[in-house]
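Have a look at the structure below, then the notes.
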Amino acid sequence: MAGLAVTYGLNLNARLSRWILSFCKLENKIISIERIHQYCRIPAEAPPIIEDCRPPSFWPDKGTIDLIDLK
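Quick note: numbering that gives the first Met the number 0 has the sequence shown finishing at residue 70, numbered continuously throughout.
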């Protein structure tokens with residue numbers, strides 16, 4: 000009878016370990032689905048050049064500064 004109790008105890012321990020492992024794997028898969036859902040709801044970025052918001056044509060095309068006679 001004691002051997003049967005030990006066997007059932009070890010079997011319960013193994014089943015509990017497998018159940019916890021399965022639960023952790025399920026949780027990881029659910030989190031992956033949540034992340035995909037969040038990524039789908041991220042708004043798209045604006046295009047690099049917006050034609051309606053371009054600077055006037057007389058603006059400089061480079062961002063350089065020339066320092067002449069600086070003391």
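Cβ coordinates follow ideal geometry from the N, Cα and C atoms, glycine included.
Please return the same chain residues whose Cβ sits closer than 8 angstroms to the Cβ of residue i, not counting the five positions on each side in sequence.
i	result
Gln37	none
Ile19	none
Spatial neighbours of residue i within its chain, please: CB distance less than 7 angstroms, with the 5 preceding and 5 following residues excluded, ordered by chain position.
i	result
Leu26	Note on residue identity: the sequence assigns Glu, not Leu, to residue 26. For Glu26, where only same-chain residues beyond five positions count, there are no Cβ hits under 7 angstroms.
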